[in-house]
Structure formats: structure tokens, C-alpha cells
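A short worksheet on the structure shown next.
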Amino acid sequence: MKVQRWTPQSGVFIAALGAMVLVLAVGPTWFSAGVTDRLSALFVYVILGAMWNALAGYGGLVSVGQQAFFGLGAYAAIRLSHADVPVYLAVALAGLAVGVVSLAIGEVMLRLRGGEFAVGMWVVAELAHLLVNLDPLVQGETGTSLIALNAIAAEARRAYTYWLSLAAMVALLAVLFALLRGRLGTAIQSIRDDERAASSLGVNVLATKRIVFVLAATGCAMAGALWLASAITFQPKAYFSVQWTAYMIFMTLVGGIGTFEGPILGAILFFLVETFFGGRGVWYLVGLGAAALAFSLFLPRGIFGALEQRFALRLLPLGFRVVERTKP
Amino acid sequence: MLTATGLSKRFGALVVLSDVDFSVRAGEAVGIVGPNGAGKTTLLNILSGTYPPSSGRIAFRGTDVSGLDAAARCRIGIARSHQIPRPFHGMTVFENLLVAARAGGGLRGRAAEQKCLDALGQCGMLKLSNRPGATLGLLDRKRLELARALATGPDVLLLDEIGGGLTDGEAAELVAIILAIRARGIAVVWIEHIVHILVQVVERLVCMDAGRIIAEGDPKSVLRDAAVIDAYLGPSAAHAAVG
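Line by line, the protein sequences are chains A and B. Those letters in the first sequence? Residues 1 to 328, by the numbering used here. Those letters in the second sequence? Residues 1001 to 1243, by the numbering used here.
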């Protein structure tokens, strides 16, 4: 018997992914302005879906308050830029700054479980929203802008934001993948399935949850800062809206909760649905909600979970297979 | 090797354990019997660090470990199984063990994987390696509890009614596995209601009632003890168990 992780199939897939990232990297030189902007949005969605899945799908930490970090990320970028940090550096550092803040938030929130954690996170988001509104720089709900961006030509701005979004997405997915394949991966899943059993097998429950919580907060904050870099204006209400978490839940449930690839697929689907139906107002949101509900009822592992099972897919393998040792 | 002195546990006004001294030597197998509510599982939970005692101390290899939680105790070599099996549903059997080998055993990479394969082989579960934890039947869940505990590389194994609910044939399989574990020099503390399988493994028997130890020593003499017969066995069962 031997233990198998990588397969030829996953090798081919990762090579294809690498090639695709290279093509995307030179994208702004020939994409239209509209396409570049939309793809920047897609990268942000992928980050959001992957982060919520890390938290809920792997850690069992269902949060309906991840917009707290999305909003704080944008706010941190405004604050850093106001303190004369070069504007794109401010956008890049904002996520890390919020990651540090989330360490303190996690110390309190990770002592809650299940529904208490879920709703508690929403309270944190509301609290963060109110606190940000108190900052005179933000001017309450009137909001403010990332003014420093005005100094940069629109063309260049579009490309920088695109590259930064692409880099953040690739980096966050790579970090998440490496972590989930290692010791943290088995530990966090065991906590999701049975916290007490995990603890009795030597898993440091709080420390493990903390890593995943901070990573998800950092990722969502990076997404918020990147969103700000595209949108330029910062109205607290728009960033601290629970709809961001609703989008994350949609992407994760439809794509496949607890699978690495699922939320990426979910983000692409969400992106397409938004592109074609985003103008339909309320009915668009109703449709999203209904779809997420239908998936969790009838296809609990989402589209990717179903495909994975049907076609024995192992594209980005996190798990372990015990196989017969093939005789030479 | 594992020594507890003066353990008491109160849940509110309820005294579940009062002033219990308990110890197990390296490589020794000790059985714990007693009626429901005697405090057996509470004793095990305190030894494993699931919750702290209201008073008393626990030492392991001469060091005080009273302040360590369950995870830390597992990492230094005190592993346990649960009375009601707690498999990780969303992980395969192999991954269930890998949690134990990595976190509890402190192993990495190939060494961790090999440890899991060994433990699975020892418990006769290799064929089930890729099955999700959620799909296992009762016997396999019990075996998984055992295999997972083994994968942490313990010096002491605390077993909580691992034979409960099994048929005689299934219980006999478990006895064979536990005897093999003993043969490796791992100390075993085993709570069990099925006395006749317990006595096949243990060299010392402890009987508890109402939060106290009422008899302990050689299994045969404990089972003939008047207090034990009165509190737990009843006259006919005592006769059957001793044979």
C-alpha cells in the first residue's frame, strides 16, 4: 500500500492553470477597457468565494459578517493613502493591516460556535461600519474617495488594478492551497467535523482556527481594497453591506462547499450571472438566493462536488488516496 | 507512569467523583468496571484532559500535567477513544488517522503517512482507507477510534466502552487487536461493561461505585469481592464472569 496525492491529471491541470495565468498577466495590453475592468471584478469574486469557503467549507466557521473585512480593507486603503503611503502600496498593504486587526477580533469571536459565531460576525460587521463612520475623514455615509488615484491616468490605473487583483488572487489561492495540503488542512477539517475529537487527538483547536480566520479576513480585506481601487469612491454602506457575504455564500454553495476548486467555479458562474442578469434589480438577488438554496438542498457539494464524483476528477488534490503498490 | 491523586469532580451540587487515587504503570493493562453513574467516564475524561478535576492532581512520567488540556496531553502520549465514536465525517478513514499522526504524534510527511498505514493495518482497516468517515458501521467506527488513538503514538491508551454494542464475534476481534497493542508495550486503561472480554486483556481490575473506588487488584479476586457483587455484578453474574 502507498499513499497517493498528485496524479498525472492534476499535473496537466496545474500546467494549464499556469499557462492561463501567464496569458491573463499580459491581458491589459490587448483587452478592451471594459473587459479589463470586468476581469478585475472576477478576480475579486474568486478571492471572496475562496476565503469564505476556507472559513466555512473547511473550518466549519460559517460567518455572515465577512463584509466587515471587505469594508475595513477599503477603509484601511483610504487611511493609508491619506497618510501619504503611495496609493497602490496602500491598496496592497490594506489587507495585511486588517489581517493584524482580525487577530484581535478572532480572539473574541473564535470562542463562539455555530450560530453564535455566524450572527456574532454580523454584529462585528455592523460595529465596524459604525466605527468607520465616526472617522471624520469618511464623512459618515457621504463617504470619500481614494483621491490619490486621480493623479494617475485612467488607462494605467485600470491596468495596475487588474495586475494587483490578479496577483492577489493567485497569491491567496496558492497560500490557501499550500496550507490546506499540509498539517493545517487535516487539522482544520477535523475541527469542522468534531471539535472535541480533534482536540483529543492533539489538535490545537484555537490556534488552527485562528490561522484560517486571519487568512480569510486578510483575503476579504484585500478584496475590499482592490474593489476600492476600481470604484475609487468609498461609501461605507456599499462596502459594509451584507450582500457581499451573500455573494460569497452563493459562490461557495453553487460551486461546491468544502472543495478547493468549487468556489472558483462558483465565482465564474456568479460573474456570468451578474454580467447577464445584473440589471434586473431585485429579481436578480431573489434568483441568486433561490439558486443558493436549491443547491444546498439538492446538490450539497455543489457543481464541482458533483462533477468530481461523477468523473473521478482530481484537479487540485488536497486529500489522500491509499492505493495498491503497483508491482514493477 | 500515569498517576492521579485525590481526584474529585462536582457538577454543581452533584458529586461525581470523590477523592479517587488511580495509577497505571508502563505497559500495564487496567480494567475499570462499575454500575452506570459510578464515575468511570468522568475519571477517563479527567485523565485525558477533556475537563479539569474540581480537585486533585495528575502526573505523567513524574511530571505534573494537571494544567494541560486534552490536546496537549495527547501530544505527550496520553490518547483516548470515545464511548460514542466520533469519526470525522467529511474525511476519509486514512485522513482521520492523519489528523492524529500529524497533530498528536507530531509526525510529518512520509513518516506520518507510514504511521497511519501501520495503525490501519494493525486494526484491520486498510481496505477501508479511502472510505468517508460518515459511511462506517458501528464496529468500524469503534475500530477507527482505536486506530486513530494508536496513530498518535501513545504510551497510555484510555478506552471508553469500546466493546459496547458489538456482537461476541466483533468483540473478540477487538480483544485480539487490543492484546496486540499491549504486546507493543502500550499501557491500556479500559472501561467496559462486558466483563468477560475485559478479563481476557487486563491484569488488574478496578471497581467503582458512586464516585469511589470500592475494590481493586487481581481481576478474579475483585470479581469475588462482596462489595463488588453487591454494587455491580449480582451473585449469578459474578459466578459467570469468574467461571
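All residues carry an ideal CB built from backbone N, CA and C; glycine is no exception.
Tell me whether residue 1057 (chain B) sits in a helix, a strand or coil according to DSSP, three-state version.
-> For the purposes of this step, residue 1057 (chain B) is identified with residue 57 of the second sequence, where counting begins at 1. The answer is strand: DSSP assigns residue 1057 (chain B) an E or B state.
Determine the DSSP secondary structure at residue 1001 (chain B), reduced to helix, strand or coil.
-> In the second sequence, residue 1001 (chain B) corresponds to position 1, counting from 1. Of the three classes helix, strand and coil, the one that applies to residue 1001 (chain B) here is coil, per DSSP.
Inside the region 1078-1108 of chain B only - beta strand (DSSP E) runs reaching at least 3 residues | 1078-1080
Name, please, each residue of chain B whose Cβ falls closer than 8 Å to the Cβ of residue 320 (chain A).
-> Here residue 320 (chain A) is taken as the residue at index 320 of the first sequence, counted from 1. 1092, 1094, 1095, 1098, 1113, listed in chain order.
Nearest-angstrom Cβ-Cβ length linking residue 232 (chain A) and residue 102 (chain A), presumed shorter than 8 Å | Position 232 of the first sequence, counting from 1, holds the residue named residue 232 (chain A). Position 102 of the first sequence, counting from 1, holds the residue named residue 102 (chain A). That pair is no contact at about 25 Å.
With 7 Å set as the bound, which would you pick, yes or no: does the beta-carbon of residue 121 (chain A) sit closer than that to a beta-carbon of chain B?
-> Translated into the one-based positions of the first sequence, residue 121 (chain A) becomes position 121. Not one chain B Cβ lies under 7 Å of residue 121 (chain A).
Report the partner residues of residue 8 (chain A) according to the DSSP bridge assignment.
-> Working through the first sequence from its first residue, we reach residue 8 (chain A) at position 8. Assignment of beta-bridge partners to residue 8 (chain A) by DSSP yields no partner.
What three-state label does DSSP hand residue 334 (chain A) in the structure shown?
-> Any answer about residue 334 (chain A) is impossible in this case: the structure gives chain A only from 1 up to 328.
What separation, rounded to the nearest whole angstrom, lies between the Cα atoms of residue 195 (chain A) and residue 63 (chain A)?
-> Translated into positions along the first sequence, residue 195 (chain A) becomes position 195. Translated into positions along the first sequence, residue 63 (chain A) becomes position 63. Between residue 195 (chain A) and residue 63 (chain A), the C-alpha separation is close to 17 Å.
Option in A:320, A:259, A:297 with minimal Cα separation from residue 307 (chain A) = Position 307 of the first sequence holds residue 307 (chain A). When each option's Cα is compared against that of residue 307 (chain A), the closest is A:259.
Beta-carbon of residue 1077 (chain B) versus every beta-carbon of chain A: anything under 7 Å?
-> Residue 1077 (chain B) sits at position 77 when you count from the first residue of the second sequence. No - not a single Cβ of chain A is within 7 Å of the one on residue 1077 (chain B).
Do residue 1082 (chain B) and residue 193 (chain A) have their C-beta atoms closer together than 7 Å?
-> The residue labelled residue 1082 (chain B) in the question sits at position 82 within the second sequence. The residue labelled residue 193 (chain A) in the question sits at position 193 within the first sequence. Not a contact, by the Cβ cut-off of 7 Å.
Once you ignore the five residues that flank residue 186 (chain A) on each side, which residues in its own chain have a CB closer than 7 Å to its CB?
-> Taking the first residue of the first sequence as position 1, residue 186 (chain A) is located at position 186. No residues qualify anywhere along the chain.
Kindly list the residues whose CB is nearer than 7 Å to the CB of residue 292 (chain A), restricted to its own chain and excluding five residues on each side of it in sequence; keep chain order.
-> By 1-based counting over the first sequence, the position of residue 292 (chain A) is 292. The answer, listed in chain order, is 249, 250, 253, 254.
Residue from A:114, A:267, A:172, A:21 whose Cα sits closest to the Cα of residue 288 (chain A) = Here the question's residue 288 (chain A) lines up with position 288 in the first sequence. Of A:114, A:267, A:172, A:21, the residue nearest in Cα terms is A:267.
Closer than 7 Å, CB to CB, is residue 1243 (chain B) near chain A or not?
-> Along the second sequence, read from residue 1 onward, the residue named residue 1243 (chain B) stands at position 243. Any reading at residue 1243 (chain B) is ruled out, since the residue's pLDDT is 49, under 50, leaving its predicted position unreliable.
Inter-stretch contact (C-beta, 8 Å, three-pair minimum) for the region 235-250 of chain A and the region 133-148 of chain A = yes
Buried or exposed by the 16-neighbour rule on C-beta atoms within 10 Å, applied to residue 1045 (chain B) | Indexing the second sequence from 1 puts residue 1045 (chain B) at position 45. Result: buried.
Out of B:1036, B:1060, B:1070, state which residue places its alpha-carbon closest to the alpha-carbon of residue 1052 (chain B).
-> On the second sequence, position 52 is the one that residue 1052 (chain B) refers to. Closest by alpha carbon: B:1070.
Residues of chain E with CB under 8 Å from residue 252 (chain A), in chain order?
-> You won't find chain E in this structure, because its protein chains are A and B.
Is the CB of residue 1026 (chain B) under 7 Å away from at least one CB in chain A?
-> The sequence position of residue 1026 (chain B) within the second sequence is 26, counting from 1. Residue 1026 (chain B) does not count as touching chain A.
For residue 30 (chain A), is the classification buried or exposed, using 16 other Cβ atoms within 10 angstroms of its Cβ as the cut-off for buried?
-> On the first sequence, position 30 is the one that residue 30 (chain A) refers to. Exposed, since its Cβ has fewer than 16 Cβ neighbours within 10 Å.
Entirely within the region 1156-1204 of chain B and at least 4 residues each: give me those alpha helix (DSSP H) ranges in chain order.
-> 1168-1183, 1195-1198
Touching by the beta-carbon criterion (3+ pairs, under 8 Å), the region 47-56 of chain A and the region 74-83 of chain A = no
Could one say the Cβ of residue 1004 (chain B) lies closer than 7 Å to chain A's Cβ atoms, at least one of them?
-> In the second sequence, counting from the first residue as 1, residue 1004 (chain B) sits at position 4. For residue 1004 (chain B), the answer is no, since every Cβ of chain A falls outside 7 Å of its Cβ.
If you draw a straight line from the alpha carbon of residue 71 (chain A) to that of residue 312 (chain A), how long is it in whole angstroms?
-> By one-based count along the first sequence, residue 71 (chain A) stands at place 71. By one-based count along the first sequence, residue 312 (chain A) stands at place 312. So the two alpha carbons sit approximately 39 Å from each other.
Run of the beta strand (DSSP E) containing residue 1233 (chain B), from where it starts to where it stops | Taking the second sequence and counting its residues from 1, the one referred to as residue 1233 (chain B) is at position 233. Taken as a continuous stretch (DSSP letters only), residue 1233 (chain B) belongs to no beta strand (DSSP E), as it is neither H nor E.
Going by other Cβ atoms of all chains shown within 10 Å of its Cβ, with 16 needed for buried, is residue 1234 (chain B) buried or exposed?
-> Start at 1 with the first residue of the second sequence, and residue 1234 (chain B) comes out as number 234. In summary, residue 1234 (chain B) is exposed, with fewer than 16 beta-carbon neighbours lying within 10 Å of its beta-carbon over all protein chains present.
Could you check which residue in B:1211, B:1225, B:1186 has the C-alpha nearest to that of residue 1205 (chain B)?
-> Taking the first residue of the second sequence as 1, we reach residue 1205 (chain B) at position 205. Selected option, being the one with the closest Cα: B:1225.
Write down the C-beta distance between residue 226 (chain A) and residue 168 (chain A) rounded to the nearest angstrom, noting that I regard them as a contact closer than 8 Å.
-> If you number the first sequence from 1, residue 226 (chain A) lands on position 226. If you number the first sequence from 1, residue 168 (chain A) lands on position 168. Contact flag correct, Cβ pair sits at about 6 Å.
Hey, out of A:148, A:7, A:87, A:316, whose CA is closest to residue 174 (chain A)'s CA?
-> By 1-based counting over the first sequence, the position of residue 174 (chain A) is 174. If we check each option's Cα against that of residue 174 (chain A), A:316 comes out closest.
Exposure label - residue 116 (chain A); buried when at least 16 CB within 10 Å | Numbered from 1 along the first sequence, position 116 holds the residue referred to as residue 116 (chain A). It counts as exposed.
Rounded straight-line distance, which links the Cα of residue 90 (chain A) to that of residue 1152 (chain B) = Counting from one through the second sequence, the residue named residue 1152 (chain B) turns up at place 152. Counting from one through the first sequence, the residue named residue 90 (chain A) turns up at place 90. Their backbone Cα atoms lie some 46 Å apart in a straight line.
Could you check what DSSP says for residue 1022 (chain B) in three-state terms: helix, strand or coil?
-> Mapped onto the second sequence, residue 1022 (chain B) falls at position 22. When secondary structure is reduced to three states using DSSP, residue 1022 (chain B) falls in the strand class.
Would a C-beta distance cut-off of 7 Å place residue 1066 (chain B) and residue 1158 (chain B) closer than the cut-off?
-> Translated into positions along the second sequence, residue 1066 (chain B) becomes position 66. Translated into positions along the second sequence, residue 1158 (chain B) becomes position 158. Going by C-beta atoms, residue 1066 (chain B) is not nearer than 7 Å to residue 1158 (chain B).
Report all residues from its chain with a CB closer than 8 Å to the CB of residue 1112 (chain B); omit the five preceding and five following residues, and keep chain order.
-> Walking along the second sequence from the start, residue 1112 (chain B) turns up at place 112. The answer, listed in chain order, is 1098, 1101, 1102, 1105.
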